[in-house]
Structures are given as C-alpha cells and as structure tokens.
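Engineer: For reference, the structure I am asking about is given below.
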Amino acid sequence: MKKQIVLASLLLAAGIATASESSVSLSYRYDRADADTTSTGYEFDVGTHLTKNILVDVRAEQQNSSQGNTLQNRLEGGLRLQHDLGPVGVYARGAFGNKMKTGADNLYYSVEPGVVLALSATDAIDVGYRFRSATLDHKADTTRTARVSYTHALNKTVSVSLDVDRVQGDAAETSAIVGVSVGF
C-alpha cells in the first residue's frame, strides 16, 4: 500500500511540475523537542499555481531522531488559497496526508491560516498557525504549530527561506528550517 501511495504521489508531483508557474523546494530542518531530544530531516515540495491565488502542492518529509534513530515519513497533498491586499495578504492552506512511522501509520489533515507581508519586491514574511490532527481519535498526532517564515528571492526563479516553527500538542518542539526553491 505504501509503495502505491509513493508512486501515485510521484506521478502527481511530476504532473504538477510540468504545469505552468511551478516550483520545486528542498528544505533541511533541525528540531529540538522539549524533552531535550533532537532530530533532523528533509522536506521536498512540488507545487503549481492553478491561478495567481490558488496553489496545489505535494510534500514529502523524512525525519530522523537522535534517540534510537527513529525514522518518520510524511506524505501530503495540499491546497493554498491566498488573497493579496496591497503589501499584505491572507492565506489558508488545507492538507491531507499519511504519517508513516514503524507501528504508528496514520492519516491526518491540517488547516493553516496566515498572513503574508511583502517587505519589498524580493523579501516577504509569512506568519501562520497550523492545526494538524489524525483522522482516527486513538492516534496521537494532534499538534498546533505557530510559524514564521522569511523568504528572499535571489532572482526571478530562485529563492531561499528561513522558517521557525513552534509545535505544541502530542509533539512539543521548536524547529529551524532552511530551504531553497526553484521556479519554472
């Protein structure tokens, strides 16, 4: 089943990438849990704008824990709607995904409203709040994440970002994420 999900997601990602105004992003993350454990991971995103204000994306994430080298993978599809009001915009992203961890696979959904502030033609800050929860009540995967993201466009197609997430709930951690995005 997992292989079919991964294959379908890769095919969807390839289809998204061939559409107009698409981007591919790769991020590295460092997480420090409140219990003094750390983890590192990678995120890979492929997205395309269906219109100026509607973005569809597929995201894959891999996370390795320093204690026991626990491996966790997430695969999700999302839809982001954004409305700009001059230099300030508002957005909402909804997603549905699969968390894959030994003995703890579960489906989940997330909702994230936020605000975008364009500082200049090349710099922007996003501030958002994500609620994520497992679709089954007996799975411990409910979190609330406050996040701030700074993005700087190096040119018309390449941008770099620095994000900070503060997660509370079934997991409690602070994450620093650096990424690069290439549009085409």
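For the sequence shown, the positions run 541 to 724 when my numbering is used.
Ideal Cβ placement from N, Cα and C applies to all residues, glycine included.
Nothing here was measured: the structure is a model prediction, and the numbers come from that model.
Just verifying my parser: in three-state terms, what is the DSSP assignment at F724?
Structural biologist: To locate residue 724, count along the sequence shown from 1; it is residue 184. In this structure, F724 counts as coil in the three-state DSSP scheme.
Engineer: Throw me the rounded Cβ distance for the S567 and V722 pair, which I believe falls under 8 Å.
Structural biologist: Taking the sequence shown and counting its residues from 1, one reaches residue 567 at position 27. Taking the sequence shown and counting its residues from 1, one reaches residue 722 at position 182. Not quite, the Cβ-Cβ distance comes to about 13 Å (not below 8 Å), so this is no contact.
Engineer: Taking the C-alpha atoms as reference points, what is the distance between A632 and Y669?
Structural biologist: Your numbering for residue 632 matches position 92 in the sequence shown. Your numbering for residue 669 matches position 129 in the sequence shown. Each residue's alpha carbon lies about 10 Å from the other.
Engineer: Under a Cβ-count criterion, where at least 16 other Cβ atoms within 10 Å of its own Cβ denotes burial, should K696 be classed as buried or exposed?
Structural biologist: One-based indexing of the sequence shown puts residue 696 at position 156. Exposed: under 16 other Cβ atoms inside 10 Å.
Engineer: When you compare each of M640, A573, G587, N593 to G601 by their alpha carbons, which one comes out closest?
Structural biologist: In the sequence shown, residue 601 corresponds to position 61, counting from 1. The question names Gly, but residue 601 is Glu in the sequence shown. The candidate whose alpha carbon is nearest that of E601 is M640.
Engineer: Apart from the five residues just before and just after V718, which ones in its own chain have a Cβ nearer than 6 Å to its Cβ?
Structural biologist: As a position in the sequence shown, residue 718 is number 178, starting the count at 1. Taken in chain order, the residues that qualify are Y568, L702.
Engineer: Using the DSSP secondary-structure output, state which residues sit across from P653 in a beta bridge.
Structural biologist: Here residue 653 is taken as the residue at index 113 of the sequence shown, counted from 1. In the DSSP output, where bridge partners are listed per residue, P653 has A632.
Engineer: Taking DSSP as the reference, what is the three-state secondary structure of H678?
Structural biologist: As a first step, residue 678 is located in the sequence shown; it is residue number 138 there, counting from the start. Of the three classes helix, strand and coil, the one that applies to H678 here is coil, per DSSP.
Engineer: My understanding is that R572 touches E713, with C-beta atoms under 8 Å, so please give their C-beta distance in whole angstroms.
Structural biologist: Position 32 of the sequence shown, counting from 1, holds the residue named residue 572. Position 173 of the sequence shown, counting from 1, holds the residue named residue 713. 6 Å between Cβ atoms; contact.
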